[in-house]
Structure formats: structure tokens, C-alpha cells
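*Asks:*
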Amino acid sequence: MSEKAIVCKDLTKRFGDFFAVNHISFDVDQGEIFGFLGANGAGKTTAMRMLCGLSYPTSGEASVAGYNVFKQQEDIKRNIGYMSQKFSLYESLTVRENIRFYGGVYGLSDKQLKEKGDELITKLGMEKEAKMMVGSLPLGWKQKLAFSVAIIHQPRIVFLDEPTGGVDPVTRRQFWDLIYDAADSGITVFVTTHYMDEAEYCNRISVMVDGRIDALDTPANLKQQFEAASMNEVFYALARTAKRSAD
Amino acid sequence: MRTLRLLLEKEFRQIFRDKGILPVIFIMPMIQLLIMPLAANFDVKNINLVVVDRDHSTYTQQMVTKIASSGYFHIKGYYNDYAPALHEVEREKADIILEIPAHFETDLVRENKAEVYLAADAINGTKAGLGSAYLNTILGDFNNEIRMKWLPAKAAAAGTIDVTSSNWFNPNMNYRLYMVPGILVLLVTMVGGFISALNIVKEKEIGTIEQINVTPIKKWQFIIGKMIPFWVIGMVDFTLGLLLARFVYGIIPLGSLLLLYGFLSIYLVALLGFGLLISTYSDNQLQAMFVAFFFIMIFMLMSGLFVSVDNMPAWAKMIAKLTPVTHFIDVVRMIVLKGSRFADIKMQFLYEIAFAIVLNGWAIWNYRKTA
Numbered sequence: 104m105s106e107k108a109i110v111c112k113d114l115t116k117r118f119g120d121f122f123a124v125n126h127i128s129f130d131v132d133q134g135e136i137f138g139f140l141g142a143n144g145a146g147k148t149t150a151m152r153m154l155c156g157l158s159y160p161t162s163g164e165a166s167v168a169g170y171n172v173f174k175q176q177e178d179i180k181r182n183i184g185y186m187s188q189k190f191s192l193y194e195s196l197t198v199r200e201n202i203r204f205y206g207g208v209y210g211l212s213d214k215q216l217k218e219k220g221d222e223l224i225t226k227l228g229m230e231k232e233a234k235m236m237v238g239s240l241p242l243g244w245k246q247k248l249a250f251s252v253a254i255i256h257q258p259r260i261v262f263l264d265e266p267t268g269g270v271d272p273v274t275r276r277q278f279w280d281l282i283y284d285a286a287d288s289g290i291t292v293f294v295t296t297h298y299m300d301e302a303e304y305c306n307r308i309s310v311m312v313d314g315r316i317d318a319l320d321t322p323a324n325l326k327q328q329f330e331a332a333s334m335n336e337v338f339y340a341l342a343r344t345a346k347r348s349a350d
Numbered sequence: 037m038r039t040l041r042l043l044l045e046k047e048f049r050q051i052f053r054d055k056g057i058l059p060v061i062f063i064m065p066m067i068q069l070l071i072m073p074l075a076a077n078f079d080v081k082n083i084n085l086v087v088v089d090r091d092h093s094t095y096t097q098q099m100v101t102k103i104a105s106s107g108y109f110h111i112k113g114y115y116n117d118y119a120p121a122l123h124e125v126e127r128e129k130a131d132i133i134l135e136i137p138a139h140f141e142t143d144l145v146r147e148n149k150a151e152v153y154l155a156a157d158a159i160n161g162t163k164a165g166l167g168s169a170y171l172n173t174i175l176g177d178f179n180n181e182i183r184m185k186w187l188p189a190k191a192a193a194a195g196t197i198d199v200t201s202s203n204w205f206n207p208n209m210n211y212r213l214y215m216v217p218g219i220l221v222l223l224v225t226m227v228g229g230f231i232s233a234l235n236i237v238k239e240k241e242i243g244t245i246e247q248i249n250v251t252p253i254k255k256w257q258f259i260i261g262k263m264i265p266f267w268v269i270g271m272v273d274f275t276l277g278l279l280l281a282r283f284v285y286g287i288i289p290l291g292s293l294l295l296l297y298g299f300l301s302i303y304l305v306a307l308l309g310f311g312l313l314i315s316t317y318s319d320n321q322l323q324a325m326f327v328a329f330f331f332i333m334i335f336m337l338m339s340g341l342f343v344s345v346d347n348m349p350a351w352a353k354m355i356a357k358l359t360p361v362t363h364f365i366d367v368v369r370m371i372v373l374k375g376s377r378f379a380d381i382k383m384q385f386l387y388e389i390a391f392a393i394v395l396n397g398w399a400i401w402n403y404r405k406t407a
């Protein structure tokens, strides 16, 4: 097992002559909370999809949890959790059934599913809702549930693609508590976000502009480097240099 | 195996919770099976006939009476001239004109030979063709009758060739007997084809497929997990339809039920593979729906359900042979109506197995977890 959760060198995804992701290089340590920032259309989701084994890179090198993103996608998939921009639990299944399905496909036994499921439901305070269809839950609850389900098999890394989009500030705060708990238990968190207050919660952040990574450091160092009072200003300074139009 | 079990649990729960789809799967096909065979009747009755009688003789009277009493024709009018009769056809009031020339009776008696003219409105081809054929037969009968009356001995001596035919397996030429098994196949095909075509696309649309793709679920597990529930639905639908055929139409399969279900089980695998294949190529449900509709339409029209495959041109026969539906309609009719055995339907079995392998292999190949 390598010390690094993610190693990425010159990773590139090209569609025709368009470089969605243009030679990005970075490492993420095990247990780190790594923020992945960028304007819409900067290439965050494409980069993340390559790391999750959902999309073949055009060139470059990368390994996730020690597995090669070109050849060992299925090994990667066993060792990561993923929560996409789109809500992706089954709305016509209950909370319990979703836990059972997703936990089960990662190989949890019935006994583990029961224990983990109880634990998760208690932690989220959803005892009353356990038998409700997921479709009838409010968005914030759905997102917290989706995150908890994504890490139910205790993966080495969890990828979160804008997990708190459209969620109220209180729930966002609770969501980040969950992220911290996960990081404390040793799970590496790779998260994209548009909320700069959330960026401050990360150990390190990278900012993508036009498919490149233009900045990568701790929030404090970045602010110093760009002589900015907040991450917001850092982000503006970088995003203004973009030549691509946002989607 | 455990993954597959979890997938099946999920699929069955989703299907049975979808209150909109259940009636579509189980009730609508049965209603169709109750209505369609009654309407899809190829017997041509109620042919409207106008008579242009220029002779006004006893024989013409007898002939028209014979035509009227056959039960196939309504005599809509008598005219002395062709023009008003044609006008009736133009107004869609009549389908066939029977024109009896002047001196019909005289010619018949003196020269032993007389002519009548038939003019059929061929816009409705079946009605025109069959109507003319019926009329020919009736006139032929009439001809024989009067000759027998005149010269019983001589007519017998003349020894006209009389063709007598008997219809095996469907002695009364009952169209329902022929249509019900075919329509049953059609319904199973529509339900199976559409739900399988729409299913994976639906997961694409709502985004859950991405979550599946990022799990260690294998491609074949996912596809089989989708297929088994639809396979079961197809089996249930077919069984319900067979029961309906038994109790409503009195159709009891003559052949082995085991053979029938054996063929059905392979047919369903082929059909569902086809649906899933469409699903893997489509981006949204609308697209999948149209593509599935396009193909199922071809399958239906080429399958021999309405038009006999043997009458098709060679290229159309080729297409018909390359659709799984054709073989299944064939086999269901053979087993249900003729009691055919395995040896009789071996070729169709081989075709269906080939379809199942190709379509499913293609669907699994085309479903990408990593794009």
C-alpha cells in the first residue's frame, strides 16, 4: 500500500482538439481532505471521472489507491467511494434498502450491513425515516445519506463532486462534520466545491483554470501567495485569467 | 452471486413499486388479447354488390338470388345501365359491379355459353380480390346447377374436374385460431421489448448508472440483473395470455407445453437482449422508445402475423428470417395448433439461440463501465 492515496502526473483528457484536462499533476496523501476548485467547465468533473475509473485518460499517468487508472479501473472501484453531482441513490427504494444495496455490492455481509446500517441511521438521526422512500426526503438529508452510503464500505478514498450544491448552510455545516469524521477514520477525501468557505475547511486545495491546475497549496499559503484576505479573492484572481467560457 | 441477488432484489422492488407500469405490463396486454382477435378477422363479409342487369330474364333472377343467399354479399341496387352503378362505387356505396349483358339467357340456352362482367373497387385490395373470387365460385356453382338440370347424363359424362379441399389443423378456417397465438406473441414482444429498452436508459437519465459504474458490479451481473426480472414478466404475461386463449377462445395447445415454454424462455432472452442493446445505445428514454418502436414495427409487419412470409419477395423473406419474432410466431402456431414436436422446430430453435447469443453478447460488449 502506497503512502499516497492519489498520484497524478501530466494527466490529460482530450476531446478532439479540446483539452478538457490539460497535463495536471498532483499528489494526495492518505487521510487528507483535498479540495478541488475551479469555475464551471474548468475540467474538475472530467478529471475526477478519470480518477474514479469512469473515463479513460488520453495520456499521462495516475494511480489511485495504488492502482493504475489505465488498466486497473475495476480494482480502483473496489477501493473508492463516489458521490456524483447528480443524486444517485434509488428514489424508489427506502433508506434501508439503499444502504443494503450499495453496501452489499461492495461485499458487506448481511451482519455488517445490519450493524453499519443501524450505526449510519442513528448518526444521521433518520430512525423515523429508515423505511421511507428516499425520493420523499429533503435534499439536504438525501445528500448526507448519499455521502454516508458512499463510505459505508470504508474505502481508502472518497470522491465528492459538488456534494453540497443547493444545500442550506446549516446542513452544509453538518455535511462537513461528516467529512471530518470520515477523514479522522483514515478515509482520504477528494472534494470539488464552489463554496469558498468550504475550501477553507480543506487541508490543501488546487484551483483548476482552463483544464490546468494553476495553484495548489494550503488555504493559508494560497492567501499569502495571492495577497488575498479570503479564498474568495484567491479564486477571483485565478478564475479571471480563464479564456474558456463557462458552460 | 450475492451481487446478482442484490441487483434482483432492487429491480423487483422497483418494478412492483411502480404503480404506473404494472397495469401496462399485466393488464393492458390482456385487454388487447380480448379485443384484437375479434377485430382482426380476415373473412370478407358484407361485400356490397350492384347489379347492372341488361337482360331481365329468369336466369339472371336466379343467379342474383343465389349470390344474395350466399351470405357474403349485400345487393345494393339494380340498374339498367353501367354509369349509375359506377357512381355507386365512386360514392363508396358499392364494392363490386356485376354486369349481365343483354341476351344473357338466350346466349346461355342457345350457344351454351354466356358472359358476365365483374368490376371490383380495388382500393380495398383484400375485399376486391376475395369478393371477386367468391363471386366466381358462386357463378361456377350456378353454371353447374343449370347444366345438371338440362343434361344430367351429359354433364356427368363431361367429367369436369372438381377440386375438394379440406383445411387441416383449422378445419373451419377460423381466423381466431390463427390470430390468437400470433397476437399473444406480439403482446409478449411489445411488453418485453419496450420495458427492457427503456430500463437501462432510465438509469442513465436519472444518473444512477454512474453510481453503478463506479462500484465493483460486473457488466454481466448488471445486464443479467436487468434481464431476469423482465424474463419472469414475459413468462407470466405469456402464461396469462395462454390461459385467456384457453378460457375465452377455447384454444388448447395441441403440442407439448414444455416445448412451448422451452422455446419461449430462449425467445425472451433474445428479445430482452435486443431491448437492452437499444438501451445501451440510447441517451434518453425518448430516443430508446423511438428506436424500439421502429424495430418492433418491422418485426411485427415482417413476422408473418398479418402477411404470410412465404408470399414475400426473397429479400423480404431474408429480413423476416433475421427477426426473432418471425420464428417464434411460427413455432407458437405450430406447437399450439399442429402439435409439432421438437424435430419439427429444430431450425427455429437454432435461429433463436443464435439471436440470443448475438444480441446479448453485443449488449454486454456495448455497455461500458469506463468510457
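If you read the protein sequences in the order shown, they are chains C and S. Residues 104 to 350 (the numbering used here) make up the first sequence, in order. Residues 37 to 407 (the numbering used here) make up the second sequence, in order. Yeah, the Cβ is synthetic: ideal placement off N, Cα and C, and Gly gets one too.
Take I254(C) as the anchor and find which of L140(C), V237(C), K180(C) and G268(C) has the nearest alpha-carbon.
*Replies:* Among L140(C), V237(C), K180(C) and G268(C), the Cα nearest to that of I254(C) is on K180(C).
*Asks:* Assign A169(S) to buried or exposed, taking buried as 16 or more other Cβ atoms, counted over all protein chains shown, within 10 Å of its Cβ.
*Replies:* So A169(S) ends up on the exposed side.
*Asks:* Mark K46(S) as exposed unless 16 or more other C-beta atoms lie within 10 angstroms of its C-beta, in which case mark it buried.
*Replies:* The residue is buried, with at least 16 neighbouring Cβ atoms inside 10 Å.
*Asks:* How about I174(S) and K102(S): are their beta carbons less than 8 Å apart?
*Replies:* Against a cut-off of 8 Å, the Cβ pair of K102(S) and I174(S) comes out as a contact.
*Asks:* Buried or exposed, going by whether 16 or more other CB atoms sit within 10 Å of the CB of A193(S)?
*Replies:* Legend: pLDDT at A193(S) = 48, less than 50; position of this residue unreliable, no value from coordinates given.
*Asks:* Mind pulling the chain C residues with CB within less than 9 Å of D54(S)?
*Replies:* Correct list: S195.
*Asks:* By the DSSP assignment, the alpha helix (DSSP H) with K112(S) in it spans what residues?
*Replies:* That residue, K112(S), is in no alpha helix (DSSP H); its beta strand (DSSP E) goes F109 to Y115.
*Asks:* Verify whether the separation of the beta carbon atoms of Q188(C) and G156(C) is less than 8 Å.
*Replies:* Result no, Cβ atoms of Q188(C) and G156(C) do not sit closer than 8 Å.
*Asks:* Closer than 7 Å, Cβ to Cβ, to anything on chain C: give me those residues from the stretch 246 to 264 of chain S, in chain order.
*Replies:* Per Cβ criterion, the list reads E246, Q247, N249, V250, T251, P252 and I253.
*Asks:* Name, please, each residue of chain C whose Cβ falls closer than 8 Å to the Cβ of L42(S).
*Replies:* Near L42(S) (Cβ distances below 8 Å), the residues of chain C are R203, F204, G207 and V208.
*Asks:* Determine, using beta-carbon pairs with one atom in the stretch 386 to 396 of chain S and one in the stretch 338 to 354 of chain S, whether at least three such pairs fall under 8 Å.
*Replies:* As far as the Cβ criterion goes, the stretch 386 to 396 of chain S does not touch the stretch 338 to 354 of chain S, which means the pair count is below three.
*Asks:* Along the stretch 235 to 261 of chain C, what residues have a CB closer than 7 Å to any CB found in chain S?
*Replies:* Per Cβ criterion, the list is empty.
*Asks:* Which partner residues does T291(C) have in the DSSP bridge list?
*Replies:* Its beta-bridge partners are I260(C).
*Asks:* Check whether chain S comes within 8 Å of S128(C), counting only Cβ atoms and requiring the distance to be less than that.
*Replies:* It does not; no Cβ of chain S falls within 8 Å.
*Asks:* DSSP three-state label for I109(C), please.
*Replies:* Correct three-state label for I109(C): strand.
*Asks:* Compute the distance between the beta-carbons of Y209(C) and P252(S), then report whether it is under 8 Å.
*Replies:* In this structure, P252(S) lies closer than 8 Å to Y209(C) by Cβ.
*Asks:* Give the interface partners of K238(S) over in chain C, defined as CB-CB distance under 8 Å, in chain order.
*Replies:* Under the 8 Å cutoff, chain C gives no residues; its nearest Cβ is about 11 Å from K238(S).
*Asks:* Can you tell me whether E135(C) is helix, strand or coil according to DSSP?
*Replies:* If DSSP states are grouped into helix, strand and coil, E135(C) belongs with coil.
*Asks:* Residues of chain S with a CB under 8 Å from the CB of K189(C): which are they?
*Replies:* Within 8 Å Cβ-Cβ: I242, G243 and E246.
*Asks:* Extract the residue ranges of the beta strand (DSSP E) inside the stretch 301 to 326 of chain C, only unbroken runs of 3 or more that lie entirely within it.
*Replies:* Entirely contained in the stretch 301 to 326 of chain C, the beta strand (DSSP E) runs reaching 3 residues are, in chain order, 307 to 312 and 315 to 320.
*Asks:* What does K180(C) touch in chain S if you count any residue whose Cβ is under 7 Å from its own?
*Replies:* Result: V250, T251 and P252.
*Asks:* Alpha carbon to alpha carbon, what distance is there between A233(S) and P265(S)?
*Replies:* Whole-angstrom Cα-Cα distance: 13 Å.
*Asks:* Can you grab the Cα-Cα spacing for the pair N396(S) / Q68(S), in whole Å?
*Replies:* C-alpha separation (whole angstroms): 29 Å.
*Asks:* Taking the straight line between their C-alpha atoms, what separation do you get for D143(S) and S105(S)?
*Replies:* Looking at the two C-alpha atoms, the distance is approximately 25 Å.
*Asks:* Considering just the uninterrupted stretch of the beta strand (DSSP E) at M271(S), what are its terminal residues?
*Replies:* Taken as a continuous stretch (DSSP letters only), M271(S) belongs to no beta strand (DSSP E), being part of the alpha helix (DSSP H) at K255 to V284.
*Asks:* Short of 8 Å Cβ to Cβ, which residues in the stretch 148 to 175 of chain C face chain S?
*Replies:* Listed by position, the residues of the stretch 148 to 175 of chain C near chain S (Cβ gap below 8 Å) are C155, G156, L157, S158 and Y159.
*Asks:* In the structure shown, what three-state DSSP assignment does E239(S) receive?
*Replies:* Looking at E239(S) - three-state DSSP - the assignment turns out to be helix.
*Asks:* So which residues of chain S does E177(C) contact, with C-beta pairs closer than 7 Å?
*Replies:* Neighbours of E177(C) on chain S, chain order: P252.
*Asks:* Under 8 Å, Cβ to Cβ, is there at least one residue of chain S near T267(C)?
*Replies:* It does not: the Cβ of T267(C) has no partner Cβ on chain S nearer than 8 Å.
*Asks:* Using only alpha-carbon positions, find the residue among G277(S), P65(S) and A399(S) that is nearest to S318(S).
*Replies:* It is A399(S) whose Cα lies nearest to the Cα of S318(S).
*Asks:* Does the beta-carbon of D157(S) have 16 or more other beta-carbons within 10 angstroms, so that it is buried, or is it exposed?
*Replies:* Buried, since its Cβ has 16 or more Cβ neighbours within 10 Å.
*Asks:* Apart from the five residues just before and just after L304(S), which ones in its own chain have a Cβ nearer than 8 Å to its Cβ?
*Replies:* Same-chain partners within the cutoff: V224, G228, F266, W267, G270 and M271.
*Asks:* Starting from L192(C), follow the beta strand (DSSP E) in both directions and report where the run begins and ends.
*Replies:* Counting along the chain, L192(C) falls outside any beta strand (DSSP E), and DSSP gives it neither H nor E.
*Asks:* Could you work out which residues of chain C lie near K46(S), taking near to mean beta carbons separated by less than 8 Å?
*Replies:* Within 8 Å Cβ-Cβ: Y193, L196, E200 and F204.
*Asks:* Count the other CB atoms within 10 Å of the CB of Y114(S); is the residue buried (16 or more) or exposed (fewer)?
*Replies:* It counts as exposed.
*Asks:* On the three-pair Cβ rule with 8 Å, is the stretch 106 to 124 of chain C touching the stretch 267 to 280 of chain C?
*Replies:* Judged by Cβ distances under 8 Å, the stretch 106 to 124 of chain C makes no contact with the stretch 267 to 280 of chain C, as fewer than three pairs qualify.
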